[in-house]
Structures are given as structure tokens and as C-alpha cells.
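Taking it in order: structure first as C-alpha cells, then the write-up.
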Amino acid sequence: MISFPYIFDNLFGPEKLDSIRNIFEYGIMFCSFLVFNALLFKNRYTSVIAVILCLLLSINFLISVSCFLIYHSGFNVGMAISILESNPDEAMSMSYMFILPGILFFIFLGMVLYSVNYLKKNVVKIDAKFIIIALLWLILPFGYHLKHTYVSNKGGGRMIKNVYYHLSDFNTALNIQRDINEIKKNIPVFNIKKIQPGIENVILIIGESERKQNMSLYGYHQKTTPYTDQQAQNMMIFDNAVSPAGITNLSVPLMLSSIHPDEFRYRYDKLSYNIINLANQTGYNSFWLSTQASARGITAIASMSKNKKWVNGYDEVIVPELEKVIQKKEDKFVVLHIMGSHPNPCNRLPPNWNSENLNCYDSSIKYTDYVFNNIFRTLKNTNSVVIYASDHGLKLQGDKLLHIDSKESTQVPFFVWYGDKVPATYRITGHETKQTQTTYIYPLIMKYMGLEAPQHYKNEGNKYLNLEMRSLEYEKLPE
Numbered sequence: 219m220i221s222f223p224y225i226f227d228n229l230f231g232p233e234k235l236d237s238i239r240n241i242f243e244y245g246i247m248f249c250s251f252l253v254f255n256a257l258l259f260k261n262r263y264t265s266v267i268a269v270i271l272c273l274l275l276s277i278n279f280l281i282s283v284s285c286f287l288i289y290h291s292g293f294n295v296g297m298a299i300s301i302l303e304s305n306p307d308e309a310m311s312m313s314y315m316f317i318l319p320g321i322l323f324f325i326f327l328g329m330v331l332y333s334v335n336y337l338k339k340n341v342v343k344i345d346a347k348f349i350i351i352a353l354l355w356l357i358l359p360f361g362y363h364l365k366h367t368y369v370s371n372k373g374g375g376r377m378i379k380n381v382y383y384h385l386s387d388f389n390t391a392l393n394i395q396r397d398i399n400e401i402k403k404n405i406p407v408f409n410i411k412k413i414q415p416g417i418e419n420v421i422l423i424i425g426e427s428e429r430k431q432n433m434s435l436y437g438y439h440q441k442t443t444p445y446t447d448q449q450a451q452n453m454m455i456f457d458n459a460v461s462p463a464g465i466t467n468l469s470v471p472l473m474l475s476s477i478h479p480d481e482f483r484y485r486y487d488k489l490s491y492n493i494i495n496l497a498n499q500t501g502y503n504s505f506w507l508s509t510q511a512s513a514r515g516i517t518a519i520a521s522m523s524k525n526k527k528w529v530n531g532y533d534e535v536i537v538p539e540l541e542k543v544i545q546k547k548e549d550k551f552v553v554l555h556i557m558g559s560h561p562n563p564c565n566r567l568p569p570n571w572n573s574e575n576l577n578c579y580d581s582s583i584k585y586t587d588y589v590f591n592n593i594f595r596t597l598k599n600t601n602s603v604v605i606y607a608s609d610h611g612l613k614l615q616g617d618k619l620l621h622i623d624s625k626e627s628t629q630v631p632f633f634v635w636y637g638d639k640v641p642a643t644y645r646i647t648g649h650e651t652k653q654t655q656t657t658y659i660y661p662l663i664m665k666y667m668g669l670e671a672p673q674h675y676k677n678e679g680n681k682y683l684n685l686e687m688r689s690l691e692y693e694k695l696p697e
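Numbering of the sequence shown is given in this note's numbering, commencing with residue 219 and proceeding in unit increments.
If you want it as C-alpha cells, here you go:
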């Protein structure tokens, strides 16, 4: 139940009757589930099925309690996508966060098995009454579905459908993954107009979980970005940049393609209208270099690059790869997808890194700044532009940094840096003070490629895609 915090939020509000009804409905199904397994426990062979069902219920509980304790929110489709797209390295780096949820998982599993065994021995009998009760947890979800579809709340609602209530989120996430993978088969034809020679090397760096509030470039009291600070006069800095979503698997596709947040849930085919395909058709040789392990949603776009490489090691290993790329005398579009401050930030630092009394998160930002310095030095005497933005920020709550839907979680660094040989027509420096969504990267890259950019773009609407895969006005986000 803790995966549906809105139920408790409304328990004493105008929708308290709906909340009480939902709790009552789930309570009936949960008790029925226990009776069902108690009946299975009465046979040596079917008891194995009961143990599996209880284990699956406990995993469902583990997901709920993990979200509640780590992210202070309920589970949703966005988180399901993240789980499905996670890789072993990412899972290991975040394992320390799941110690308490893991302990609670075993406690919950033990309590469920004890309850089932107690019911088997002392309460449940094999008769019509208990068989009917035992089947309720299987029958009721169909009744609820029919009611919601044909009687009231047509189209479905935010109610608990069954004891394995996270299945619907994973089912939606799997459908999204399938549709996203279809974009690989759809190569669009862009209506583009070349109006002037583009910049030779257009470099896009996608950061990870970096809060602008922790960067000295944006006024942080700790000197976390000393090298970038020195380059400020050679940059266009967006002072009030915001991300279009709160997790990587939503924000990066929105940044790199022209799909609108309103369409993301239903028109994944539009992800094929992305900056990689655009670069390919413009005559730029495309490269994708990443220190992040592959994730299907993002990898679907990355796979459209003519050259792609995933490299192991700390973020600095990407610099030699970039050096090789820029040696070629041709127009190039290069995406560098770095680990940045991805949880656990302590794992983002080389063993010999001097943290200088900074905590792991601030130190990871300083290490990213060190990587930037190497990139800037590599590109200084070239016709190159570097666009940098973090995929999303994080919300500071107590001593924890959380991935949740909030304005604070969207506040990200976003800047443009120029090599010495960039033509004056492209070299615009200073500060942009108005709020700018990082989806502006798409028309900005078009401009640097010498293309006619659209007069209006989705960033102007500043729609946000929340973790439930629904778009909303940015101003409606909680602080």
C-alpha cells in the first residue's frame, strides 16, 4: 500500500471515502490471497506453488518499500523502465541503498509464510466457504476492470487492481520498450534547409544527475567547477535551465528528439525524428561515445549513430576517444554520454582522486569538471562547439538526493563552450536568464550545423513528463 501514497494523502481529505474503499478492496484481496495459499499448503506438491506466489508478493513489497524509503514516492512506469533498462554495473553501484529494504523484504516474506502456515493448521478447511474466499483475489480484479471500463471511471483509474499491483506498471514499461525499439526500423526524411556552413565539430555532452546548485559556476560556495569557471567568458550559460523529465530514460529521449511530452506515452515512433538521424542526413558523421552501460531506450537512439562505442572506466577515458574522432577532417556530430554524478557518486571517482574534504557528490562534480578541462584543452584550437546539459537534477531532502518529480529535480546545468576557430557568427557568449528547457538542445544543434532551425519549438511550452508518463505544465510541479 505504501506504493500508493495518494491513498493516504486523501485519507482525511475530500476523497477519503475513495481511499477507504481502496484500502478495503486491497485488504479483501490480500486476505483471500493468504487463504488461497493456505489451501495450497495442505498438499506437499501445491505448497511449492504457494511459496513461489508468496515470494513474488514479497518482491512486489520490496519494490514498494524501496521506493518509499529511497525516493519517498510510489512506484510508477518511469521507475519500471529504469529497472528493465538497468545493467549489472548500475545495479551494483546502487546496491548500498537497498540494504534496509532487503532486510524488510525477508521480514515480510517470513511473516507471510508464517501467516499462511498458521491459517493452514488452525483456520482454513477444504470446504466451499474457504474455496470461495480463496478465489476472491483472482476474481475481483476482473470485476474491477469491467466496472472501470463499462460502468464508471471509464478508461481505468488509479486504483489497486490486484495483489501484484506493480504488474501493470511493468506491462506498460515493456510495451514502451517494444515500441521504442521499433524506431530503429523507421528512418525519417527530414525537411531541412542548409543556410550556411556548419561548425566542424558539434559535441554534445550529456551529464548525469548533476545539480546546478552544487556547481560553483552557478554560485555554489564550494569550488566544485574551477576549470569551467575559468571558461565562463567563452561560454553561453543558461542560468535557469530545466530538464523535461526527472529520470534519464525519459529526459534524454526528449532532449535528443522532437517528440513532445504529450506524445511520449503513445507516439514512440516519433523518437526516430532525433538529432542523430538529422545529423546523418545533414552530412555530419555521427559518433556516440559512452561510459554508461547501454540502456534500451537511449541505446535505441544511440544505435542510429554511424559510429558508436561504449568504453569502460572512469569518465576521463572518454577523452582519448574524442581525440581520435576529431583528427578526421570532416563534419562530425559527437555525443558523449558520461556517468557524471550517477548514484553512487562515491563510485564515480578514481582511487587516486583527491576529494579535498568534499563529500562524494560534490567531489563527483569536481571530477566531471576535471574531465571538462581535458575536453576543452583538446578542442581549444579547433572549430568545435561543446553543448553540455545534465539529463536531470536531484532533490535534496535531508541528507538524501532523490529522483522525484519536483522543480528542484529539474534544475540542471546547461552551457555552450566554443573552440578558438568557431566563426564569429556562431560565437554568442554571456548569460541567458530566462527559463530554458533543455529540449532546446535540438534546434540549437541544428543551428550549429548550419541548418535553418524552427522558429518555434517544444521547449517554449515547457511541458514536463512525470514519472507516471503523464505530461503537465512545469509550473504545476511541486517545489
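Don't be surprised by glycine CBs; every beta carbon is placed ideally from N, CA and C.
Task: Cβ-Cβ distance between Lys527 and Glu539 below 8 Å - done: Taking the sequence shown and counting its residues from 1, one reaches residue 527 at position 309. Taking the sequence shown and counting its residues from 1, one reaches residue 539 at position 321. The criterion of a C-beta distance shorter than 8 Å is satisfied by Lys527 and Glu539.
Open item on the list: For Gln451, count the other beta carbons within 10 Å of its own beta carbon; 16 or more makes it buried, fewer makes it exposed. Which is it?
Closed with: Residue 451 sits at position 233 when you count from the first residue of the sequence shown. So Gln451 ends up on the exposed side.
Task: Supposed contact pair Glu426 and Pro631 - C-beta distance, whole angstroms, cut 8 Å - done: In the sequence shown, counting from the first residue as 1, residue 631 sits at position 413. In the sequence shown, counting from the first residue as 1, residue 426 sits at position 208. In fact, because the Cβ distance is near 11 Å, the residues do not count as touching under 8 Å.
Open item on the list: Less than 8 Å between C-beta atoms, sequence neighbours within five positions excluded: which residues of the same chain meet that for Phe625?
Closed with: On the sequence shown, position 407 is the one that residue 625 refers to. For clarity, residue 625 is Lys in the given sequence; the question names Phe instead. Answer for Lys625: Val460, Tyr692, Leu695, Pro696, Glu697, listed in chain order.
Task: Neighbour-count burial assignment, Gly375, 16 or more Cβ in a 10 Å radius - done: Along the sequence shown, one-based indexing puts residue 375 at 157. With a pLDDT of 43 at Gly375, under the threshold of 50, the predicted position of this residue should be treated as unreliable, though the coordinate-derived value follows. Here Gly375 is exposed: its Cβ has fewer than 16 other Cβ atoms, across all protein chains shown, within 10 Å.
Task: Closest Cα partner of Tyr666 within the set Asp533, Val420, Pro672, Ile536 - done: Translated into the one-based positions of the sequence shown, residue 666 becomes position 448. Nearest option by C-alpha distance: Val420.
Open item on the list: Less than 8 Å between the C-beta atoms of Ile605 and Val640, yes or no?
Closed with: On the sequence shown, position 387 is the one that residue 605 refers to. On the sequence shown, position 422 is the one that residue 640 refers to. No, Cβ-Cβ distance for Ile605 and Val640 is not below 8 Å.
- [ ] Along the beta strand (DSSP E) that carries Glu691, what are the first and last residues, could you check?
- [x] For the purposes of this step, residue 691 is identified with residue 473 of the sequence shown, where counting begins at 1. First-last of the beta strand (DSSP E) with Glu691: 689-691.
Task: Separation of Ser469 from Leu683, as counted between CA atoms - done: Here residue 683 refers to the residue found at position 465 of the sequence shown. Here residue 469 refers to the residue found at position 251 of the sequence shown. Distance between the alpha carbons of Leu683 and Ser469 is about 8 Å.
Task: Neighbour-count burial assignment, Gln414, 16 or more Cβ in a 10 Å radius - done: As a working note, residue 414 is residue 196 in the sequence shown. Counting C-beta atoms within 10 angstroms of its own C-beta, Gln414 has fewer than 16 neighbours from the protein chains shown and is therefore classed as exposed.
Open item on the list: On the criterion of 16 or more Cβ atoms from any shown chain inside 10 Å, does Val341 qualify as buried, or is it exposed?
Closed with: Against the sequence shown, residue 341 aligns to sequence position 123. Under this definition Val341 is an exposed residue.
TODO: Spatial neighbours of Val253 within its chain, please: CB distance less than 7 Å, with the 5 preceding and 5 following residues excluded, ordered by chain position.
DONE: In the sequence shown, residue 253 corresponds to position 35, counting from 1. Only Leu337, Val342, Phe348, Ile351, Ala352 meet the Cβ criterion.
Task: Bridge-paired residues (DSSP) for Gln615 - done: Translated into positions along the sequence shown, residue 615 becomes position 397. Beta-bridge pairing links Gln615 to Lys618.
- [ ] Within the same chain, show all residues whose beta-carbon is closer than 7 Å to that of Leu212, passing over the 5 residues directly before and after it, in chain order.
- [x] In this structure the chain extends from 219 to 697, so residue 212 is not present and cannot be described.
Task: Cutoff 8 Å; reference His384; Cβ partners in own chain excluding five residues on either side - done: If you number the sequence shown from 1, residue 384 lands on position 166. Excluding five sequence positions before and after His384, the CB atoms of its chain that fall closer than 8 Å to its own CB belong to Ser221, Asn278, Ile281, Ser282, Phe293, Ala298, given in chain order.
TODO: Report back the beta-carbon spacing between Gly637 and Lys598 to the nearest angstrom; my notes put them in contact at under 8 Å.
DONE: For this step, residue 637 is matched to residue 419 along the sequence shown. For this step, residue 598 is matched to residue 380 along the sequence shown. Confirmed, about 6 Å.
Task: Within 8 Å, strictly: CB atoms of Asp587 and Gln440 - done: Here residue 587 corresponds to residue number 369 of the sequence shown, with the count starting at 1. Here residue 440 corresponds to residue number 222 of the sequence shown, with the count starting at 1. It is not a contact, given that the beta carbons lie outside the stated cut-off.
Task: Rounded separation between Val543 and Trp506 - CA only - done: Locating residue 543 in the sequence shown gives position 325, where the first residue counts as 1. Locating residue 506 in the sequence shown gives position 288, where the first residue counts as 1. Note on geometry: alpha-carbon atoms of Val543 and Trp506 lie some 11 Å from one another.
- [ ] Specify, as a first and last residue, the run of the alpha helix (DSSP H) that Tyr660 falls within.
- [x] Taking the first residue of the sequence shown as 1, we reach residue 660 at position 442. For Tyr660, the enclosing alpha helix (DSSP H) has its first and last residue at 659-666.
Task: Cβ-heavy atom distance, Gly616 to the ligand PLP, below 7 Å - done: The ligand PLP is absent from the structure shown, which contains no ligand whatsoever.
- [ ] Output yes or no for whether 8 Å exceeds the beta carbon distance between Ile519 and Asn467.
- [x] Taking the first residue of the sequence shown as position 1, residue 519 is located at position 301. Taking the first residue of the sequence shown as position 1, residue 467 is located at position 249. Not closer than 8 Å, so no.
Task: Contact belief for Val330 with Ser276 at Cβ below 8 Å, rounded distance in angstroms - done: Position 112 of the sequence shown, counting from 1, holds the residue named residue 330. Position 58 of the sequence shown, counting from 1, holds the residue named residue 276. Taking the Cβ atoms as the reference, Val330 lies roughly 6 Å from Ser276, within the contact range of under 8 Å.
TODO: Taking the CB atoms as reference points, tell me whether Ile663 and Leu422 lie closer together than 8 Å.
DONE: Taking the first residue of the sequence shown as position 1, residue 663 is located at position 445. Taking the first residue of the sequence shown as position 1, residue 422 is located at position 204. In this structure, the beta-carbon distance from Ile663 to Leu422 falls below 8 Å.
Open item on the list: Quick check on Val543: does DSSP put it in helix, strand or coil?
Closed with: For the purposes of this step, residue 543 is taken as residue 325 along the sequence shown, with counting starting at 1. Helix at Val543.
Task: Gly375, DSSP secondary structure in three states - done: One-based indexing of the sequence shown puts residue 375 at position 157. The predicted model places Gly375 with a pLDDT of 43, which falls under 50 and marks its position as unreliable, so this point remains unresolved.
TODO: Taking only the alpha-carbon atoms, compute the straight-line gap between Ser311 and Arg566 and give it to the nearest angstrom.
DONE: Walking along the sequence shown from the start, residue 311 turns up at place 93. Walking along the sequence shown from the start, residue 566 turns up at place 348. The alpha-carbon atoms of Ser311 and Arg566 are separated by roughly 9 Å.
- [ ] State the Cα-Cα distance for the pair Asp307 and Met557, rounded to the nearest angstrom.
- [x] If you number the sequence shown from 1, residue 307 lands on position 89. If you number the sequence shown from 1, residue 557 lands on position 339. Their Cα atoms are separated by approximately 11 Å.
- [ ] Determine the direct distance from the alpha carbon of Glu418 to that of Glu548, and round the result to whole angstroms.
- [x] Position 330 of the sequence shown, counted from the start, is the residue given in the question as residue 548. Position 200 of the sequence shown, counted from the start, is the residue given in the question as residue 418. For the pair Glu548 and Glu418, the Cα-to-Cα distance works out to about 7 Å.
TODO: Report the partner residues of Asn458 according to the DSSP bridge assignment.
DONE: One-based indexing of the sequence shown puts residue 458 at position 240. In the DSSP output, where bridge partners are listed per residue, Asn458 has Gln653.
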